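Asker:
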Ligand SMILES: [Zn+2]
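Residue numbers (my numbering): 7 to 174.
Printed below as a string of C-alpha cells:
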C-alpha cells in the first residue's frame, strides 16, 4: 500500500476542530445543568427524569440513537452520587439499552462514562453515561464523528423514535 492510499481528506474538518470539541459550556453555564433545568422536555430532548437522574439525547452523537444518562445535580465524580442516585442510574441505563434495542435493533452497545477531561469527557464537570447502538462493521469512528456534523435534523427524529418506545 502506498502512502497516497492512506490519505483521507474527509478527516481534516474533524482534526481541525478536535482542539475545541463540542461546546460543553456556554454563556449560561453547564449544558447538562441547563438541560436538567429545562421546562420543555421535548425541546430539550429529555427522554426521562427520575428523582436524581435524567436521560437526554446527545446533541453531538457518534451515531443515531446516542443518548446520555446524567445526574440532575452538577456532580463530576461517579463516587460522589448517592446510593439512591446510583440505583436510578443503573435502572435508567437498563431502560436506555432496552429502548435503543427496540428502536434500532443494534448488534451491540457502547455503554459507559469518561471520568475527567484526560479520559475524554466532553463535559468533565458533570457526570454522564453514554448509551449508543453499534452495528457489525461499524468500526470507523472518524466517519461517525464526521457524520455528526450532518445529524442535527436526525436527532429530533431519534428523540421521537426513542420516546415512542420509552416506558412511561
Ligand atoms: Zn452541570
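We put the beta carbon where it would ideally sit given N, CA and C, even for glycine.
Keep in mind the model is a prediction, meaning the values are calculated, not measured.
In terms of residues, what are the limits of the beta strand (DSSP E) holding residue 73?
Answerer: 73-77 is the extent of the beta strand (DSSP E) around residue 73.
Asker: Measure the CB-CB distance between residue 112 and residue 139 and report whether it falls below 7 Å.
Answerer: Their beta carbons are under 7 Å apart, which means residue 112 touches residue 139 by this criterion.
Asker: Let's test the definition: count the other Cβ atoms within 10 Å of the Cβ of residue 35 and tell me whether it reaches 16, buried, or not, exposed.
Answerer: Under this definition residue 35 is an exposed residue.
Asker: Since residue 132 and residue 116 are thought to touch, with beta carbons under 8 Å apart, how far apart are those beta carbons, to the nearest angstrom?
Answerer: Contact flag wrong, Cβ pair sits at about 19 Å.
Asker: With 16 as the cutoff for other CB atoms within 10 Å, does residue 88 come out buried or exposed?
Answerer: Under this definition residue 88 is an exposed residue.
Asker: What's the gap between the Cα of residue 65 and the Cα of residue 84?
Answerer: The alpha-carbon atoms of residue 65 and residue 84 are separated by roughly 22 Å.
Asker: Can you determine whether any heavy atom of ligand 1 sits closer than 6 Å to the C-beta of residue 134, and answer yes or no?
Answerer: No, the beta carbon of residue 134 sits no closer than 6 Å to any heavy atom of ligand 1.
Asker: Work out the CA separation of residue 90 and residue 28 for me, nearest whole Å.
Answerer: Note that residue 28 scores 48 on pLDDT, short of 50, meaning its location in the model is unreliable; the coordinates nonetheless yield the value given after this. Roughly 31 Å between the two C-alpha positions.
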